[in-house]
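Residue numbers (numbering that gives the first Met the number 0), protein chains in the order written: chain H, 0 to 177; chain B, 0 to 146.
We put the CB at the ideal spot given by N, CA and C, even for glycine.
A short worksheet on the structure shown next.
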Amino acid sequence: MQNEKSGFFAGKLDELVSWGRLHSLWPFPYGTACCAIEFMSTESSRYDLSRLGSEFVRFTPRQADVLAVSGTITFKQAPILKRIYEQMMEPKWVIAMGACACSGGFYDCYCTVPGIDAIIPVDIYIGGCPSRPEAFFDAMLELQEKVKNQSYMEERKKKLEEQWENLKSLTLKNYLKQ
Amino acid sequence: MGKPEIVDFEKLFETIKSFDVLIDIVGVDYLGMENHAGKRFGVIYHFKNTKTMERRSLKVEIGEGEEIPTLSKIYPIADWLEREVWDQFGVVFSGHHNLKRLLNHAEFEGHPLRKDYPAKKRQELSENDNMLDQLEKRLETIGYKVI
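Now the structure itself:
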């Protein structure tokens with residue numbers, strides 16, 4: 000599961016961070032159509048998504064981890080969706096719920112985006128028109144598996160290396176050239 | 000209501016006087032239709048009289064490049080209905096105070112419900128336009144200050 004080269008303490012820290020992440024995936028409901036009703040049903044007491052730790056639905060993108068796009072996205076809506084995705088903090092994941100968000104569905108026309116992956120990156124796709132709450136649970140479990148395999152220390156290392164490269168390129172000569 | 004009666008605009012303007020509610024304005028494109036002798040576009044108006052409960056639908060036919068006078072000065076509801084018909088069919092309503100797109104986005108080119116528009120031609124939008132311009136004007140007339 001974890002990178003064996005990273006050593007005992009780094010590996011344990013990795014496990015701890017991803018354990019914390021996967022049991023507190025807070026979704027942002029981007030509901031535009033009938034899939035949003037199924038999402039509400041998933042959240043409410045009969046199915047109860049909070050069993051997986053997705054306790055709160057946050058209505059601000061700055062406090063959410065998972066963008067649950069449930070519904071048809073038109074080209075008029077597309078810049079709004081993109082801005083909301085950009086406002087979310089790292090790490091962030093996207094679930095495309097239902098046929099419309101995955102591929103445009105049966106709206107094969109001039110105004111509908113043919114799948115939200117034309118605008119933003121998508122981690123999990125759910126089929127169905129609309130998808131059932133069980134399908135959403137399946138997607139959440141799959142997403143948890145994905146989060147578990149992500150290494151926090153490697154992300155950190157990549158970012159530090161990028162910063163180091165930026166610092167190295169920032170010599171006085173380059174600075175004066177700018 | 001039955002089939003709409005084909006009239007010219009002067010006749011329409013006369014019949015308005017006995018109807019107090021404008022229910023809907025619908026556009027039609029007759030391009031490529033068999034057995035159609037009239038002009039290319041049809042604009043169908045649905046009226047209702049709230050006292051006698053009588054309904055009437057009237058059709059005005061216009062060709063491409065022609066204009067039709069607006070009804071938005073008599074019926075305020077015609078403002079958005081005419082904007083929608085212009086947006087989807089390209090029928091110009093002369094005298095309309097704010098003839099801009101209602102359903103399609105600001106960077107859209109062409110009119111999608113015309114028969115010669117390719118149905119699957121998609122057009123992207125890069126940035127949202129301000130959709131509150133009319134609301135802000137109304138707020139200012141009431142006395143609010145828009146920041």
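{"Item": "CB contact check: His45 (chain B) to chain H, cutoff 8 Å", "Value": "no"}
{"Item": "Classification of Phe105 (chain H) by the beta-carbon crowding that lies within 10 angstroms, buried from 16 upward", "Value": "exposed"}
{"Item": "Check whether Glu42 (chain H) and Val56 (chain H) have beta carbons under 8 Å apart", "Value": "yes"}
{"Item": "Residues from the region 76-97 of chain H in contact with chain B, defined by Cβ distance under 8 Å", "Value": "Ala77, Pro78 and Ile79"}
{"Item": "Distance between Phe7 (chain H) and Ala142 (chain H) (C-alpha atoms, nearest Å)", "Value": "Note on residue identity: the sequence assigns Leu, not Ala, to residue 142 (chain H). Distance between the alpha carbons of Leu142 (chain H) and Phe7 (chain H) is about 26 Å."}
{"Item": "Rounded C-alpha distance that separates Ile72 (chain H) from Gly37 (chain B)", "Value": "38 Å"}
{"Item": "Buried/exposed call for Pro129 (chain H), threshold 16 Cβ in 10 Å", "Value": "buried"}
{"Item": "Proximal residues, the region 113-133 of chain B versus chain H, C-beta separation under 9 Å", "Value": "Tyr116, Pro117, Ala118, Lys119, Lys120, Arg121, Gln122, Glu123, Leu124, Ser125, Glu126 and Asn127"}
{"Item": "Local Cβ density within 10 Å of Asp115 (chain B), reported as buried at 16 or more and exposed below that", "Value": "exposed"}
{"Item": "Closer than 8 Å to chain B by CB, Tyr106 (chain H)", "Value": "no"}
{"Item": "Phe119 (chain B) and Asp47 (chain H) closer than 8 Å at C-beta", "Value": "Note that residue 119 (chain B) is Lys in the sequence shown, not Phe. Not closer than 8 Å, so no."}
{"Item": "Leu21 (chain B) (DSSP reduced to helix, strand or coil)", "Value": "strand"}
{"Item": "8 Å Cβ cutoff met for Glu13 (chain H) and Met152 (chain H)", "Value": "Looking at the sequence shown, residue 13 (chain H) is not Glu but Asp. Yes; because the gap between Cβ atoms is below 8 Å, this pair is in contact."}
{"Item": "Close beta carbons around Pro60 (chain H), own chain, < 7 Å, minus the five adjacent residues each side", "Value": "Phe27, Ile83, Gln86 and Met87"}
{"Item": "Ile146 (chain B): CB within 7 Å of a non-hydrogen atom of the ligand ZN", "Value": "This structure lacks the ligand ZN, and indeed carries no ligand of any kind."}
{"Item": "Distance, Thr31 (chain H) Cα to Met192 (chain H) Cα", "Value": "Since the first residue shown for chain H is 0 and the last is 177, residue 192 (chain H) is missing from the structure and cannot be characterised."}
{"Item": "Whole alpha helix (DSSP H) elements within the region 91-134 of chain H, 4-residue minimum", "Value": "97-102"}
{"Item": "DSSP three-state assignment for Tyr116 (chain B), whether helix, strand or coil", "Value": "coil"}
{"Item": "Neighbourhood of His104 (chain B) by C-beta distance below 7 Å, restricted to the same chain and skipping five residues each side", "Value": "Leu124"}
{"Item": "With 16 other Cβ atoms within 10 Å as the buried cut-off, status of Lys99 (chain B)", "Value": "exposed"}
{"Item": "Chain H residues whose Cβ lies nearer than 7 Å to that of His110 (chain B)", "Value": "Per Cβ cutoff of 7 Å: no residues; His110 (chain B) is ~10 Å from chain H at best."}
{"Item": "Whether Ile61 (chain B) touches Phe40 (chain B) by CB criterion (8 Å)", "Value": "yes"}
{"Item": "Buried versus exposed call for Tyr29 (chain H) [16 or more other C-beta atoms within 10 Å across all chains shown]", "Value": "buried"}
{"Item": "For Ile119 (chain H) and Val93 (chain H), believed in contact at Cβ under 8 Å, the rounded distance", "Value": "6 Å"}
{"Item": "Residue of H:Leu51, H:Val112 and H:Gly10 minimising C-alpha distance to Leu21 (chain H)", "Value": "H:Leu51"}
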